[in-house]
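For the sequence shown, this note's numbering gives the first residue as 178, with consecutive numbering after it.
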Amino acid sequence: MSHPRFPQAVPPEDPNVPVWPRRRVLQTGLTLGSAAWLAGCASLIGQAKPQVVVVGGGWGGLGAVRALAAEQVAAVTLVEPNDRFMSCPMSGHYVAGVGSLDELLHGYQRVEALPGVQRVRARVQAIERDRREVVLDNGQRLRYDHLVLSPGVEYMEESLPGFAAAREALPVGFRAFEHQAVRAQVERFYAQGGTLVMSAPKPPYRCPPAPYERAMLIAEQIKKRGVRGKIVFLDANAAPTPAPTAQPILGALKAYADVIDYRPNVELQAVDAGRRTLQTSAGELRYDHANLVLPMRAQALVRQAGLGQRWAEVELPSFQAKADARIFVIGDAQGSPQPKSGQVAFGQGRAVGEEIARRLRGQSGPAPAGDIELPVGICWAATSHDEAINVNVVTTLSPGEAPKLRFTVDPQPSARSGAAAWSWARGVWRAMLG
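Structural data, given as structure tokens:
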């Protein structure tokens with residue numbers, strides 16, 4: 178189910194993959210500091226293809242690579258250490274024991290076969306902005322004319338004393354390839370019963386509806402499997418976030434009131450994994466199993482490069498780093514008010530790839546007229562194995578005003594949205610990975 182304001186997107190046979198309003202995103206031309214950047218690139222035009230390095234082979238990075246490959250104005254190097262892509266969106270089904278891991282895993286072969294694209298299997302250790310080089314953990318250095326960063330998030334472990342020492346026993350599962358450990362933990366809970374403590378931090382964090390989704394999918398299995406256990410859900414917020422989703426999610430939680438003890442306005446303060454206790458703002462709580470979602474921030478690479486503190490500071494609508502006009506930061510690492518979700522990241526990547534290509538050609542877009550729309554956000558909060566709540570978000574920029582977010586949310590879960598979620602996911606996975 179796509180937002181009614183947006184035409185359908187690639188692949189055209191799938192009606193659930195939206196296309197962002199490209200004209201509105203890119204029409205701003207040389208605004209927000211890009212004029213000097215373009216002047217500095219003028220000498221590159223007519224020479225060998227410029228070098229664009231894309232860090233991160235997730236939703237945002239793949240969006241940028243796809244767009245740049247289609248434009249064929251640059252040599253593109255994707256830096257991604259993992260052999261395969263793993264989707265965090267839709268992973269709640271797998272974690273709860275009702276979905277296959279294979280559905281979430283996809284190879285990079287078709288991306289690597291795109292014209293002008295190569296992939297380097299390494300991790301980025303540092304960015305040397307003065308040299309315009311990316312330093313890899315294998316000793317290699319990649320020089321760039323333009324750099325696209327989509328490094329994702331890391332957990333703020335220091336926010337919960339005791340967590341770092343218990344990291345292996347308390348997998349969070351909000352980054353790719355962590356889900357297997359959470360699935361194993363959930364299966365132990367099914368077998369042993371007891372109290373499973375789950376949590377949601379205060380935003381911003383990756384995919385805000387996901388902690389509630391995960392709890393409901395597990396609760397469904399508790400009831401189906403006859404597990405002798407319950408979930409205590411500690412929400413640092415007064416209600417599920419983002420606010421427009423609160424009532425539909427609270428309504429869905431009522432179906433699991435006998436197995437989910439939902440406690441709003443409770444913040445985690447410390448964990449003692451040896452004693453299996455949590456210190457919270459509401460007192461001490463014992464647990465048998467725990468899946469704690471910590472506050473998040475951009476990967477340390479953003480701070481090392483001097484692009485921001487908790488999140489990268491970017492100009493809108495270009496997603497150009499405020500500290501460096503040759504760098505763009507997209508996806509969950511950037512600090513705009515846009516939701517931190519897969520669809521938003523993919524749209525940002527596509528828009529940035531097209532913007533870089535336009536600048537390399539020396540083209541300046543028309544002056545903006547009226548509101549500018551950023552890449553659309555679509556996500557789905559599953560409430561059972563076959564039902565979900567659809568959430569659409571449109572972000573607009575008006576001259577001289579802060580970005581405005583407009584939500585369209587299903588008032589209640591439905592099987593239609595449950596099926597549409599999978600159709601959307603498979604369509605976007607094809608668009609990213611071929």
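All C-beta atoms, glycine included, are put in the ideal place defined by N, C-alpha and C.
Cβ neighbour criterion (16 or more within 10 Å) applied to residue i
i    : result
S277 : exposed
G604 : buried
F354 : exposed
A598 : buried
N468 : buried
P425 : buried
P417 : buried
N569 : buried
S561 : buried
S458 : exposed
G339 : buried
Q302 : exposed
P588 : exposed
G524 : buried
G350 : buried
Q486 : exposed
D279 : exposed
Q540 : exposed
D260 : exposed
E531 : buried
Q317 : exposed
For residue j and residue i, the rounded distance between their alpha carbons
i    : j    : result
D548 : S575 : 5 angstroms
C265 : V275 : 15 angstroms
L373 : G406 : 8 angstroms
Q286 : A602 : 19 angstroms
R306 : V230 : 13 angstroms
R201 : E550 : Annotation note: pLDDT 41 at R201 (below 50); position unreliable, coordinate value reported separately. Their Cα atoms are separated by approximately 6 angstroms.
R308 : R320 : 8 angstroms
Q249 : P292 : 7 angstroms
L326 : A244 : 15 angstroms
I395 : H356 : 14 angstroms
S591 : V404 : 26 angstroms
R298 : G460 : 46 angstroms
A528 : L313 : 26 angstroms
Q369 : A450 : 18 angstroms
G611 : R365 : 36 angstroms
A413 : Q295 : 43 angstroms
V506 : R402 : 44 angstroms
S594 : A608 : 20 angstroms
L337 : M473 : 12 angstroms
G512 : T572 : 14 angstroms
V311 : R300 : 10 angstroms
A358 : P552 : 33 angstroms
A546 : R583 : 20 angstroms
Y367 : I399 : 7 angstroms
A420 : P380 : 11 angstroms
E335 : M375 : 19 angstroms
L455 : E444 : 10 angstroms
V470 : A225 : 47 angstroms
P348 : Y464 : 15 angstroms
R503 : S268 : 34 angstroms
T585 : T422 : 9 angstroms
A534 : G554 : 24 angstroms
Opposing strand residues paired with residue i [DSSP bridges]
i    : result
C556 : V568
N468 : M375
T457 : L445 and G460
R261 : G284
A489 : G485 and Q511
K581 : T573
A498 : V491
A475 : V330
V297 : V256
I549 : L574
Y439 : F410
V275 : Partner(s): none; V275 has no beta bridge.
S518 : According to DSSP, which records beta bridges pairwise, S518 is partnered with nothing at all.
I504 : L324
V229 : V253 and H323
S541 : Answer is none; S541 lacks a bridge partner.
S591 : A565
V586 : V568
key: At least three beta-carbon pairs within less than 8 angstroms, the segment 231-240 to the segment 248-255   = Because the criterion of three Cβ pairs below 8 angstroms is met, the segment 231-240 and the segment 248-255 touch.
task = Report the residue ranges of all beta strand (DSSP E) runs contained in full by the segment 386-434; include only those spanning at least 3 residues, in chain order.
result = 406-412
ask   = Can at least three beta-carbon pairs, one atom from the segment 512-522 and one from the segment 366-386, be found at a separation below 8 angstroms?
value = yes
message = Quick check on the DSSP output: what are the complete beta strand (DSSP E) runs of length 3 or more inside the segment 299-372, in order along the chain?
response = 301-305, 310-313, 318-320, 323-326 and 330-332
ask   = Does the pairing of the segment 557-565 with the segment 387-395 give three or more beta-carbon distances under 8 angstroms?
value = yes
message = Using a Cβ distance threshold of 8 angstroms, determine whether the segment 485-497 contacts the segment 434-449, with at least three qualifying pairs required.
response = no
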